[in-house]
Amino acid sequence: MSLLVVGLNHRTAPIELREHVAFAPAQAREAIQQLTREGVLEEAVIVSTCNRSEVYGVSALERKAVPAVQSFVCQFHRVDPQRLNGAFYHYLEADAVRHLFRVAASLDSMVLGEPHILGQVRQAFSMALECRTTGLILNHLFQKAAQVGKRVRSETEIGLRPTSVSAVAVELATKIFGELGDRSVLVVGAGQMSQLTARGLAMRGAGRITVTNRSFDRATVLAEQVGGRALPWEQLVTSLKIQDIVITSVQTDQYIIRRDVIEQMMSERNHRPLFLIDLGLPRNIDPDAEHVYNVFLYNLDDLQSIAARNREAREKDIPKAERIVEEEVRKFMRWQESLSAVSTIKSLRFKAERIRQSELEAHLRRLGPLSDRQRNIITALTLAIVNKILHEPTVRLKQSADKRHLESIRYLFDLDDEE
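Numbering-wise (numbering that gives the first Met the number 0), the sequence shown opens with residue 0 and increments by one.
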């Protein structure tokens with residue numbers, strides 16, 4: 000049996016190709032059942048995200064399984080194999096184990112340390128369990144992968160410190176105000192950056208989120224997504240009086256929030272702290288506003304600088320994370336090799352027992368009439384001799400599970416027919 004992974008990801012295929020071979024949940028369910036039903040794989044799990052589509056499997060086809068899986072993926076998605084030339088990669092045995100562990104630890108992600116991939120790996124495994132397409136090997140492999148992902152996150156800083164501008168903005172707001180449940184947040188704009196930031200604030204428990212945009216309809220859509228309310232664009236300035244956090248990201252050729260407006264509003268709110276995050280390019284907020292008492296203003300460069308430092312901090316822990324992965328790969332391979340040892344030991348003991356019983360019966364007939372006590376003593380003697388002889392080899396095989404030793408034992412004792 001061979002352990003393998005066949006797939007493509009953001010490094011080997013552009014999004015135009017990845018979208019053609021991505022597996023929706025229902026498709027992944029159908030595909031793993033088809034792979035095992037048709038005998039391409041004995042066990043199968045599919046991990047499919049926006050950045051990767053990977054088939055993990057155990058196969059009796061050995062190296063023939065790789066082109067078989069590649070062909071299956073192309074046929075399943077009705078994609079010309081020529082389009083995917085050079086996009087597929089594959090790993091076998093320890094390399095396949097290492098790859099999955101790195102994926103679960105977010106070492107192979109587009110954004111180092113991103114938090115979602117571990118959950119996606121778990122979901123893929125849960126689906127395969129429901130479909131009954133896993134067995135001893137993949138069950139153990141994916142359980143270990145989840146543990147490796149958790150261990151890397153707990154023992155390194157790979158998953159700490161936000162590395163996207165929107166995530167940095169949310170982190171800064173949390174650091175300045177602490178709990179966001181009783182804070183008022185105004186999101187100005189409804190584009191991608193505003194959406195990411197608003198969702199991040201909602202996930203952090205921001206209690207009152209207001210969205211304003213030149214298009215009130217777009218503001219309404221985003222507000223509904225984050226459990227907030229939409230505000231007409233004309234009320235932007237007056238709304239500043241009640242806000243704690245203001246995040247702007249709109250296209251404009253002039254400041255939508257000027258210093259004099261901020262000064263007036265801060266006076267009306269008794270200079271209660273105001274946190275301004277300007278994600279616009281060109282800038283949306285007058286940079287002189289940072290000189291107003293109790294106003295904290297961060298622009299795109301500030302946040303990108305913080306994100307860059309955070310990325311550097313994560314990258315410094317890559318060697319430590321890789322060492323954890325390698326340690327866990329060795330443990331898994333020892334476990335897998337021990338399965339071969341168990342099979343060899345069972346075959347060896349089965350053959351020894353068959354010989355013992357055959358010889359015992361032959362010699363008991365030659366001894367003539369014996370009492371039950373005498374027969375039991377002789378039987379016990381033969382069992383003890385066999386167990387004594389096999390004890391040390393059994394212990395050594397379990398400890399080393401070295402493939403060369405196992406092959407030697409099977410050859411010396413002619414065990415291939417003892418399965």
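Where a beta carbon is used, it is the ideal one built from N, C-alpha and C, also for glycine. None of the values given here were measured: they were computed from a predicted structure.
Expected contact under 8 Å - CB spacing of residue 209 and residue 184 to nearest Å: Rounded, the Cβ-Cβ distance is 7 Å, consistent with contact.
Proximity to residue 262 [Cα-Cα], best of 217, 285 and 276: Nearest neighbour of residue 262 by Cα position, chosen from 217, 285 and 276, turns out to be 285.
Beta strand (DSSP E) segment containing residue 282, residue limits: Judged by DSSP secondary structure, residue 282 falls outside any beta strand (DSSP E); it is assigned neither H nor E.
Pairwise C-alpha distance: residue 158 and residue 123: Approximately 21 Å between the Cα atoms of the pair.
Residues of its chain near residue 163, where Cβ-Cβ distance is below 8 Å and the 5 sequence neighbours each way are ignored: 110, 195 and 306, listed in sequence order.
Closest residue to residue 119 among 76, 395, 50 and 56 (Cα-Cα distance): Per the Cα distances, 50.
Local Cβ density within 10 Å of residue 264, reported as buried at 16 or more and exposed below that: Classification for residue 264: buried.
Three or more C-beta pairs below 8 Å linking the segment 6-18 and the segment 74-86: The way I'd put it, the segment 6-18 does touch the segment 74-86; three or more beta-carbon pairs between them come closer than 8 Å.
Per-residue burial, residue 192 [other beta carbons within 10 Å of its own, 16 or more giving buried]: Residue burial is scored here from C-beta neighbours: residue 192 has at least 16 other C-beta atoms within 10 angstroms and is therefore classed as buried.
Exposure of residue 141, with buried meaning 16 or more beta-carbon neighbours within 10 Å: So residue 141 counts as buried.
Local conformation of residue 177 per DSSP, three classes: In the structure shown, residue 177 sits in coil (DSSP, three-state: anything other than H, G, I, E or B).
Pair within 8 Å by beta-carbon distance, residue 20 and residue 70: Result no, Cβ atoms of residue 20 and residue 70 do not sit closer than 8 Å.
Through-space distance from residue 166 to residue 314, alpha-carbon basis: Distance between residue 314 and residue 166, taken at the CA atoms: about 18 Å.
Straight-line Cα distance separating residue 250 from residue 211: Approximately 14 Å between the Cα atoms of the pair.
Counted within 10 angstroms of its Cβ, other Cβ atoms place residue 327 as buried (16 or more) or exposed: When all chains shown are included, residue 327 counts as buried.
Cα-Cα separation between residue 28 and residue 113, rounded to whole angstroms: The straight-line gap from Cα to Cα measures roughly 25 Å.
Collapsed DSSP secondary structure at residue 298 in the structure displayed: The three-state reading of DSSP puts residue 298 in strand, counting E and B together.
Neighbour-count burial assignment, residue 259, 16 or more Cβ in a 10 Å radius: Flag for residue 259 reads exposed.
Contacting residues, own chain, Cβ-Cβ under 8 Å from residue 62 (five flanking each side not counted): Excluding residues up to 5 positions away in sequence, 1 and 91 lie with their Cβ nearer than 8 Å to the Cβ of residue 62 in the same chain.
8 Å Cβ cutoff met for residue 42 and residue 57: It is a contact, given that the beta carbons lie within the stated cut-off.
Under the three-state DSSP convention, the category residue 156 falls into: The three-state secondary structure of residue 156, taken from DSSP, is coil.
Length of the line joining the Cα atoms of residue 411 and residue 125: Using only the alpha carbons, I get a separation of about 43 Å.
N-terminal and C-terminal residue of the beta strand (DSSP E) that residue 1 is part of: For residue 1, the enclosing beta strand (DSSP E) begins and ends at 1-8.
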